[in-house]
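Asker:
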Amino acid sequence: MQISSLVLLLAFLTLLAYRFGRGRAVRLVGGPRGVRDLHSLPSYYGALAAVWCAVPSLVILLAWQGFSDRVLTHLTVQSMPASVPALPAAELGLITNDVRNVIRGSVPPASASPEIRAAAATYQSLESAARAGLAVLCTLAAVLGGFVLWRRIAPDLRARNEVERLVMWLLIGCASIAILTTIGIVLSVLYEALRFFGKVPVTDFLFGTHWSPQMALSADQVGSSGAFGAVPLFAGTLLIAIIAMLVAVPIGLFAAIYLAEYADRRFRAVAKPLLETLAGIPTVVYGFFAALTVGPALRDLGQMLGLAVSTESALAAGLVMGIMIIPFISSLADDMITAVPQAMRDGSSALGATRSETIRKVVLPAALPGIVGGVLLGVSRAIGETMIVVMAAGLSANLTANPLQAVTTVTVQIVTLLVGDQEFDSPKTLAAFALGLGLFLTTLLLNIIALKVVRRYREQYE
Amino acid sequence: MSRSASADEQRRARVAASLKRRYGAERRFRLYGQLAVLVGLGFVALLFVSIFSKGYSAFEQTYVRVDVNYDPEVLDPAGTRKPEDLADGDYGAIVKAALRATAPEVESRAELKQLYALASNSAPRALQARIAADPTLLGRRESVWVLASDHVDQIVKGYIRRDESEESRGVTDLQIKWIDALRAKGALERRFNRQFFSGGDSREPEQAGVAGAVVGSFFTLLVTLLLSFPIGVAAAVYLEEFAPKNRYTDFIEVNINNLAAVPSIVFGLLGLAVFVQFFGLPRSVPLVGGLVLTLMTLPTIIIASRAALKAVPPSIREAALGMGASRVQAIVHHVLPLAMPGMMTGGILGMARALGESAPLLLIGMVAFIVDVPRRLTDPSTVLPVQVYLWARSSERAFVERTSGAIIVLLVFLLVMNGLAVLLRSRFERRW
Numbered sequence: 237m238q239i240s241s242l243v244l245l246l247a248f249l250t251l252l253a254y255r256f257g258r259g260r261a262v263r264l265v266g267g268p269r270g271v272r273d274l275h276s277l278p279s280y281y282g283a284l285a286a287v288w289c290a291v292p293s294l295v296i297l298l299a300w301q302g303f304s305d306r307v308l309t310h311l312t313v314q315s316m317p318a319s320v321p322a323l324p325a326a327e328l329g330l331i332t333n334d335v336r337n338v339i340r341g342s343v344p345p346a347s348a349s350p351e352i353r354a355a356a357a358t359y360q361s362l363e364s365a366a367r368a369g370l371a372v373l374c375t376l377a378a379v380l381g382g383f384v385l386w387r388r389i390a391p392d393l394r395a396r397n398e399v400e401r402l403v404m405w406l407l408i409g410c411a412s413i414a415i416l417t418t419i420g421i422v423l424s425v426l427y428e429a430l431r432f433f434g435k436v437p438v439t440d441f442l443f444g445t446h447w448s449p450q451m452a453l454s455a456d457q458v459g460s461s462g463a464f465g466a467v468p469l470f471a472g473t474l475l476i477a478i479i480a481m482l483v484a485v486p487i488g489l490f491a492a493i494y495l496a497e498y499a500d501r502r503f504r505a506v507a508k509p510l511l512e513t514l515a516g517i518p519t520v521v522y523g524f525f526a527a528l529t530v531g532p533a534l535r536d537l538g539q540m541l542g543l544a545v546s547t548e549s550a551l552a553a554g555l556v557m558g559i560m561i562i563p564f565i566s567s568l569a570d571d572m573i574t575a576v577p578q579a580m581r582d583g584s585s586a587l588g589a590t591r592s593e594t595i596r597k598v599v600l601p602a603a604l605p606g607i608v609g610g611v612l613l614g615v616s617r618a619i620g621e622t623m624i625v626v627m628a629a630g631l632s633a634n635l636t637a638n639p640l641q642a643v644t645t646v647t648v649q650i651v652t653l654l655v656g657d658q659e660f661d662s663p664k665t666l667a668a669f670a671l672g673l674g675l676f677l678t679t680l681l682l683n684i685i686a687l688k689v690v691r692r693y694r695e696q697y698e
Numbered sequence: 017m018s019r020s021a022s023a024d025e026q027r028r029a030r031v032a033a034s035l036k037r038r039y040g041a042e043r044r045f046r047l048y049g050q051l052a053v054l055v056g057l058g059f060v061a062l063l064f065v066s067i068f069s070k071g072y073s074a075f076e077q078t079y080v081r082v083d084v085n086y087d088p089e090v091l092d093p094a095g096t097r098k099p100e101d102l103a104d105g106d107y108g109a110i111v112k113a114a115l116r117a118t119a120p121e122v123e124s125r126a127e128l129k130q131l132y133a134l135a136s137n138s139a140p141r142a143l144q145a146r147i148a149a150d151p152t153l154l155g156r157r158e159s160v161w162v163l164a165s166d167h168v169d170q171i172v173k174g175y176i177r178r179d180e181s182e183e184s185r186g187v188t189d190l191q192i193k194w195i196d197a198l199r200a201k202g203a204l205e206r207r208f209n210r211q212f213f214s215g216g217d218s219r220e221p222e223q224a225g226v227a228g229a230v231v232g233s234f235f236t237l238l239v240t241l242l243l244s245f246p247i248g249v250a251a252a253v254y255l256e257e258f259a260p261k262n263r264y265t266d267f268i269e270v271n272i273n274n275l276a277a278v279p280s281i282v283f284g285l286l287g288l289a290v291f292v293q294f295f296g297l298p299r300s301v302p303l304v305g306g307l308v309l310t311l312m313t314l315p316t317i318i319i320a321s322r323a324a325l326k327a328v329p330p331s332i333r334e335a336a337l338g339m340g341a342s343r344v345q346a347i348v349h350h351v352l353p354l355a356m357p358g359m360m361t362g363g364i365l366g367m368a369r370a371l372g373e374s375a376p377l378l379l380i381g382m383v384a385f386i387v388d389v390p391r392r393l394t395d396p397s398t399v400l401p402v403q404v405y406l407w408a409r410s411s412e413r414a415f416v417e418r419t420s421g422a423i424i425v426l427l428v429f430l431l432v433m434n435g436l437a438v439l440l441r442s443r444f445e446r447r448w
C-alpha cells in the first residue's frame, strides 16, 4: 500500500470518528433537543474522537518514515553473505549505495553484480512486507483509538476541556520550536566543531595566520599546523564590516535625522518607504551589483588614479554591504529619534538653541543608546552577510588592512568549504562548522547586547 | 546698574557675532541630512537602473529564419515513417543544409564550421519536435525561425562591440558579415523570448530559462508556508494569550528574538547537519530547503503575529468570556479572525524574505546544475536567487543579461508579494 493512500485512509477514518463521536454524544441524550444535558457541545465529542483516532496512527506513521530505511538497510545487510556485514563502515556504505541505486532504478539492474541485485530484491520484499504491516498497524491503531474514546463518551465527559488541553499542548509545542531550533544550531555546530578541534588544535585555529584548507586534503597534511589559521578570515570579515559601517552609519544616521526632524510630511511619506526598499532587495542582487558594476568601476577608477585595485576588492564588497545596511540603521535611528519626548526639544528651543544644536546636544544624546543598539545590529548583519561577499570579495585569504586588495571572510569560507559533495570526516568540512560556531557566537553576543540596550532605552521613555 | 547694562550689551554683541556661525552650522547640518537622503535614494535608483538596463533585453532573443527541406532520405533512411525512427533522424544535417543555403559561396571546412555556429545547437531538436507534431511535413520545405546562438544574439543586441578583436568578442568577422546579410534579408529577428520563461537551466545561454528555478522556488515556498504559518500563528497565540510569565516562556522569547537576528547561513549549517546528515533526507530538494527556510522565517512570523494579536483590544476577549465562552473559544472564534489580516501580512512579508534567501540553500546543495523542471517536492532543484548566483558566476558573456533578467523576475515576484501585503493591510486593518 502506498503511503499516500494510507494517509487518505487515515483521514477518512478520522472523519468517520468525528461523525460517530458526535452522533453518539447526541444520541446518548436523546437527540438534538437534549444537547443541553451534555457537558460540552456535541462537536467537541466528535473532535475528541477524531484526535484519538488520528494521533496514535500518525505517530506510528512518522516513526516509520523516520526509521524504516535504517532498519531495512540493516536487515538487508544482515541477509547478504556473511563477509559483507563484517566490512568496514566505508565499504559497507559503498555497497548499500549500490543497492539503493538499483532500487531507485538510477542504475540498470543488468549492470549490477548478482549479489547487489539479490540484496535489492531482499530490500524490496522486506519493504513491501513492512509496508503492509504498517498499513495494518496504522489502521488498527486508528480504529482502536477511535473506539476507546467512542466507548468513553458519556454526557458528563468533559470533552471541551480535554480538547482544549490538547490544543494547549499543541500550542506549547509550536512555541517550543524556537528553543529546539536554538538547541539544534548549538548542538549541530558545536558537535562538528569539537570534532574539528580534535584534529586541529584550537589555538592553531584561533591564532594561526595561514589559511589554506585545500592543502589539508592530502593525508600527510591533515592537521598540519598553519593550514587552518583563521586570523586572515576574521581580519577580512572585520575589514569589510568596518567599510560597510563607515558607509551605512553616516548616511543612515543623517538620513534618519533629516527625515525625522526636518523633512515635511509629504517628502517623508515618499522617501522613507523608498529608502526601505533597500532592505527588501535580495542579497544576491547586491552581490551581482557589487561584482559586476561596483567592482570593475572601482578598478577602472583606481587605474585612472594610478592605484592597483583588484576587481574583487574589500572596498567594493564593503561599499555595497553598506548600502544594504543603510535602511536598518536609518529606520531604527528614526524610531529612536521620534521616541525622544517633544518636551525636550521644546525646552532646548526655548533656551535659544538652533534646531541643529537641539538635535546634536539634546536629541542625539537622549537617543544614543538606541542608536548604538541599531548600529550593533547592523554590525551583526554585516558579519553574517554571505552572498555579497561570496560574489564580490574573493577567496584568497590575505591578511591585509588594505581595502583595495581582495580578502576573504568567514561566511565565504563556510560556503566554499561546504558547497559540492563533501565527506563529513575531513577537517576541511568540519572547519566550516568551527567557523559557523564562531559566527554564531559573535552575532549572538552582538544581538543580545543590542537588544538589551534597545529595550532598556525604550522603557526609559515609555 | 550701568555696569550690568554694559555687560548685557556685551553679551548681546557676543551672541549676535556668533549667530552667523551658528546659522551656518545649522545650514550645513541640514545639508548633510539632505545629502544623506539623496545619496540613499541615489543608490536605490542606481541599483534599479543598472539591473533593468542590463536585464530588459533578456526578454527578447534573436531568431534566425532558415529554409529547411525535410529530406526523407536524411530523416528516415529506412523509410518506415514510424515515430521512433523519425525521432532518430539526423536533424543536425537538415539544419546545416539550410544554413549552407543562406551562404552558398562558403566552401572551406573552417568557414562552414563558423556558419553552422550561427544557429543554436537546440535547432535540430526544434525541427524534430515539429516533425513529431506533424509527420506530414516530411518531404516538404518550410521556413522556420530557430534560435540563433548566443554570440549572434549578443552582437545583434550590441553587447559585443564590433570593434573588439576577434578573439575577445568570440565572433569572427565572417560571421558578422553573414549576420548583417541575414538582417538585410529580414532573416534575423529579435522576438519575445519564450524559452526564458518556459525552459530550465542550460549551459548554452540562449537556451537557458528560469522556469526550473521558479518552480523550485514555488515548491520550496509552499513547504515553508504550510509549515511556518500555522506553527508561527500557534506559537504567537500561546505566547501572547496563554503563556504564564515564567522562566520557560521568558526563555522562549529570548530565543525568538535572537533567532530573528541569527545570520541566515547558520540555518544552512543547521539544515545540513540535522536534516541532511542526521535524518538522511536527500540533498538539493525543495522539501529540505523549505524546512530550513521555515526555521529561518518562523521568528519573523511569530513576531508579526504577536503584534497583530496585541492590536486586538482586550474588550473583545472580555465580551466573549462574559458570554460564557472558554478562553480557547474566545480566541479561536473572536480574536484570531480579527488578527488574521495582520498575521497574513506578516506571513507574506516572511515569505518574501524567504523567496530572496539563498545562502542557507547553497549549503544544502540547491546549487546543482539542473536542467529539468522539478515536478515533485523531492526532485532536485534550485531556486530563483540561487539561479541568479549560478548565472552570475558563469563566464559566458551572454549570461550577464540572463542574470539581470532573472533578477527582474525575482524583483517582480517580490513586488507582487509586498504589494499584496500592503493591500491586505490597507483593506482589512482596523484601528480600534
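As they're listed, the protein sequences go chains A and B.
For the first sequence, our numbering begins at 237 and goes up steadily by one.
For the second sequence, our numbering begins at 17 and goes up steadily by one.
Even for Gly, the Cβ is constructed at its ideal location relative to N, Cα and C.
Does the beta carbon of P396 (chain B) sit closer than 9 angstroms to a beta carbon anywhere in chain A?
Answerer: Here the question's residue 396 (chain B) lines up with position 380 in the second sequence. Not an interface residue.
Asker: Can you give the Cα-Cα distance for R177 (chain B) and I192 (chain B), rounded to whole angstroms?
Answerer: Within the second sequence, numbered from 1, the residue matching residue 177 (chain B) stands at position 161. Within the second sequence, numbered from 1, the residue matching residue 192 (chain B) stands at position 176. Distance between the alpha carbons of R177 (chain B) and I192 (chain B) is about 11 angstroms.
Asker: Would you say L245 (chain A) lies against chain B (beta-carbon separation less than 9 angstroms)?
Answerer: One-based indexing of the first sequence puts residue 245 (chain A) at position 9. Not closer than 9 angstroms to any Cβ of chain B, the Cβ of L245 (chain A) fails to qualify, so no.
Asker: Between A:A390, A:F564, A:L370, A:Y522, which has its C-alpha nearest S240 (chain A)'s C-alpha?
Answerer: Counting from 1 along the first sequence, the entry for residue 240 (chain A) is found at position 4. If we check each option's Cα against that of S240 (chain A), A:L370 comes out closest.
Asker: For my contact list, T310 (chain B) and R369 (chain B) are in at a C-beta cut-off of 8 angstroms; report their separation, rounded to the angstrom.
Answerer: Taking the second sequence and counting its residues from 1, one reaches residue 310 (chain B) at position 294. Taking the second sequence and counting its residues from 1, one reaches residue 369 (chain B) at position 353. The pair is not a contact, with the Cβ atoms about 12 angstroms apart (cut-off 8 angstroms).
Asker: Assess, as a yes-or-no matter, whether the region 95-106 of chain B is touched by the region 548-556 of chain A under the definition of 3 or more beta carbon pairs within less than 8 angstroms.
Answerer: no
Asker: Kindly indicate if chain B contains any beta-carbon less than 9 angstroms away from that of I239 (chain A).
Answerer: Residue numbering aside, residue 239 (chain A) sits at position 3 when the first sequence is read from its first letter. Cβ-Cβ to chain B under 9 angstroms: no for I239 (chain A).
Asker: What residue range does the alpha helix (DSSP H) around T417 (chain A) cover?
Answerer: Here residue 417 (chain A) is taken as the residue at index 181 of the first sequence, counted from 1. Residues 395-435.
Asker: Mapping DSSP to helix, strand and coil, what is S321 (chain B)?
Answerer: To locate residue 321 (chain B), count along the second sequence from 1; it is residue 305. S321 (chain B): helix per DSSP, three-state reduction.
Asker: Who are the near neighbours of G305 (chain B) in its chain, counting only those whose CB is closer than 6 angstroms to its CB and skipping five residues on each side?
Answerer: Taking the first residue of the second sequence as position 1, residue 305 (chain B) is located at position 289. The residues are T236, L377, M382.
Asker: Chain A beta carbons: is any one of them nearer than 9 angstroms to that of F294 (chain B)?
Answerer: By one-based count along the second sequence, residue 294 (chain B) stands at place 278. True, the Cβ-Cβ gap to chain A drops below 9 angstroms.
Asker: Please go through the same chain and pick out, in chain order, the residues whose beta-carbon is closer than 6 angstroms to the beta-carbon of Q403 (chain B), but skip the five residues on each side of it.
Answerer: What you label residue 403 (chain B) is simply residue 387 of the second sequence in a count that begins at 1. Cβ neighbours of Q403 (chain B) beyond the five flanking positions: A229, A422.
Asker: Please list, in chain order, all residues of the same chain as L365 (chain B) whose beta carbon is under 6 angstroms from its beta carbon, the five residues on each side excluded.
Answerer: Looking up residue 365 (chain B) in the second sequence gives position 349. Taken in chain order, the residues that qualify are A437.
Asker: Kindly identify the DSSP beta-bridge partner or partners of Q77 (chain B).
Answerer: Position 61 of the second sequence, counting from 1, holds the residue named residue 77 (chain B). Looking at the DSSP assignment, Q77 (chain B) forms a beta bridge with B:R207.
Asker: Using the C-alpha atoms, what's the distance from V290 (chain B) back to D92 (chain B)?
Answerer: As a first step, residue 92 (chain B) is located in the second sequence; it is residue number 76 there, counting from the start. As a first step, residue 290 (chain B) is located in the second sequence; it is residue number 274 there, counting from the start. The straight-line gap from Cα to Cα measures roughly 55 angstroms.
Asker: Give the single residue among B:A277, B:F295, B:F234, B:L303 whose Cα lies nearest to the Cα of M312 (chain B).
Answerer: If you number the second sequence from 1, residue 312 (chain B) lands on position 296. Taking only the C-alpha atoms, the option nearest M312 (chain B) is B:A277.
Asker: Using only the alpha-carbon positions, how far apart do Q539 (chain A) and T188 (chain B) sit?
Answerer: The sequence position of residue 539 (chain A) within the first sequence is 303, counting from 1. The sequence position of residue 188 (chain B) within the second sequence is 172, counting from 1. Near 30 angstroms, if we compare the C-alpha coordinates of T188 (chain B) and Q539 (chain A).
Asker: From R394 (chain A) to S276 (chain A), what distance separates their C-alpha atoms?
Answerer: Sequence index remark: in the first sequence, residue 394 (chain A) carries index 158 (1-based). Sequence index remark: in the first sequence, residue 276 (chain A) carries index 40 (1-based). Going by the C-alpha atoms only, they are around 6 angstroms apart.
Asker: Chain B partners of A501 (chain A), CB-CB under 9 angstroms?
Answerer: For the purposes of this step, residue 501 (chain A) is taken as the residue at position 265 of the first sequence. Note on residue identity: the sequence assigns Arg, not Ala, to residue 501 (chain A). What R501 (chain A) touches in chain B: nothing, since even the nearest Cβ is about 15 angstroms away.
Asker: If we ignore side chains and look at the alpha-carbon of each, how far apart do P298 (chain B) and V292 (chain B) end up?
Answerer: Position 282 of the second sequence holds residue 298 (chain B). Position 276 of the second sequence holds residue 292 (chain B). Each residue's alpha carbon lies about 6 angstroms from the other.
Asker: Output yes if chain A places a C-beta closer than 9 angstroms to the C-beta of Q404 (chain B); else output no.
Answerer: Along the second sequence, read from residue 1 onward, the residue named residue 404 (chain B) stands at position 388. It is Val, not Gln, that sits at residue 404 (chain B) in the sequence shown. Cβ-Cβ to chain A under 9 angstroms: yes for V404 (chain B).
Asker: Going along the region 512-537 of chain A in order, which residues come within less than 9 angstroms of chain B, judged by CB to CB distance?
Answerer: Of all residues in the region 512-537 of chain A, T513, L514, G516, I517, P518, T519, V520, V521, Y522, G523, F524, F525, A527, L528, T529 have a Cβ within less than 9 angstroms of some Cβ in chain B.
Asker: Taking Cβ positions only, does V55 (chain B) come closer than 9 angstroms to chain A?
Answerer: To locate residue 55 (chain B), count along the second sequence from 1; it is residue 39. Closer than 9 angstroms to some Cβ of chain A, the Cβ of V55 (chain B) qualifies, so yes.
Asker: Just list the residues that DSSP pairs W161 (chain B) with in beta bridges.
Answerer: On the second sequence, position 145 is the one that residue 161 (chain B) refers to. Per DSSP, B:R81.
Asker: Going by DSSP, what residues sit across from W447 (chain A) in a beta bridge?
Answerer: Position 211 of the first sequence, counted from the first residue, corresponds to residue 447 (chain A). Answer by DSSP bridge pairing, in chain order: A:F464.
Asker: So, using beta-carbon positions, are L325 (chain B) and A355 (chain B) closer together than 9 angstroms?
Answerer: Indexing the second sequence from 1 puts residue 325 (chain B) at position 309. Indexing the second sequence from 1 puts residue 355 (chain B) at position 339. Yes; because the gap between Cβ atoms is below 9 angstroms, this pair is in contact.
Asker: So N333 (chain A) contacts chain B; which residues on that side make the cut at Cβ distance below 9 angstroms?
Answerer: Indexing the first sequence from 1 puts residue 333 (chain A) at position 97. None at all; the shortest Cβ gap to chain B is about 12 angstroms.
Asker: Could one say the Cβ of S280 (chain B) lies closer than 9 angstroms to chain A's Cβ atoms, at least one of them?
Answerer: Position 264 of the second sequence, counting from 1, holds the residue named residue 280 (chain B). With 9 angstroms as the cut-off, S280 (chain B) counts as an interface residue toward chain A.
Asker: Counting only beta-carbon separations shorter than 9 angstroms, does V758 (chain A) have a partner in chain B?
Answerer: Residue 758 (chain A) lies beyond the range of chain A shown here (237 to 698); nothing can be said about it.
Asker: Assuming M557 (chain A) and E512 (chain A) make a contact with CB atoms under 8 angstroms, what is their CB distance in whole Å?
Answerer: Position 321 of the first sequence, counted from the start, is the residue given in the question as residue 557 (chain A). Position 276 of the first sequence, counted from the start, is the residue given in the question as residue 512 (chain A). Their Cβ separation, rounded to whole angstroms, is 17 angstroms, which puts M557 (chain A) and E512 (chain A) out of contact at 8 angstroms.
Asker: Which bits of chain A does E383 (chain B) rub up against, with CB to CB less than 7 angstroms?
Answerer: In the second sequence, counting from the first residue as 1, residue 383 (chain B) sits at position 367. One detail in the question is off: residue 383 (chain B) reads as Val in this sequence, not Glu. Here the neighbours are V655.
Asker: What are the boundary residues of the alpha helix (DSSP H) that includes G232 (chain B)?
Answerer: Within the second sequence, the letter at position 216 stands for residue 232 (chain B). From DSSP, the alpha helix (DSSP H) with G232 (chain B) extends over 227-253.
Asker: Compute the Euclidean distance between the alpha carbons of A327 (chain B) and S567 (chain A), then round it to the nearest angstrom.
Answerer: By 1-based counting over the second sequence, the position of residue 327 (chain B) is 311. By 1-based counting over the first sequence, the position of residue 567 (chain A) is 331. So the two alpha carbons sit approximately 22 angstroms from each other.
Asker: Can you tell me whether W194 (chain B) is buried or exposed, with buried defined as 16 or more other CB within 10 angstroms of its CB?
Answerer: The sequence position of residue 194 (chain B) within the second sequence is 178, counting from 1. With 16 or more other Cβ atoms within 10 Å, it is buried.
Asker: Alpha carbon to alpha carbon, how far is Y39 (chain B) from R28 (chain B)?
Answerer: The count along the second sequence starts at 1 and reaches residue 39 (chain B) at position 23. The count along the second sequence starts at 1 and reaches residue 28 (chain B) at position 12. Rounded to the nearest angstrom, the two C-alpha atoms are 16 angstroms apart.
Asker: Under three-state DSSP, which class holds Q457 (chain A)?
Answerer: Counting from 1 along the first sequence, the entry for residue 457 (chain A) is found at position 221. Caution is warranted here: a pLDDT of 47 is assigned to Q457 (chain A), below 50, making its placement in the model unreliable, and the coordinate value is therefore given only provisionally. Q457 (chain A): helix per DSSP, three-state reduction.
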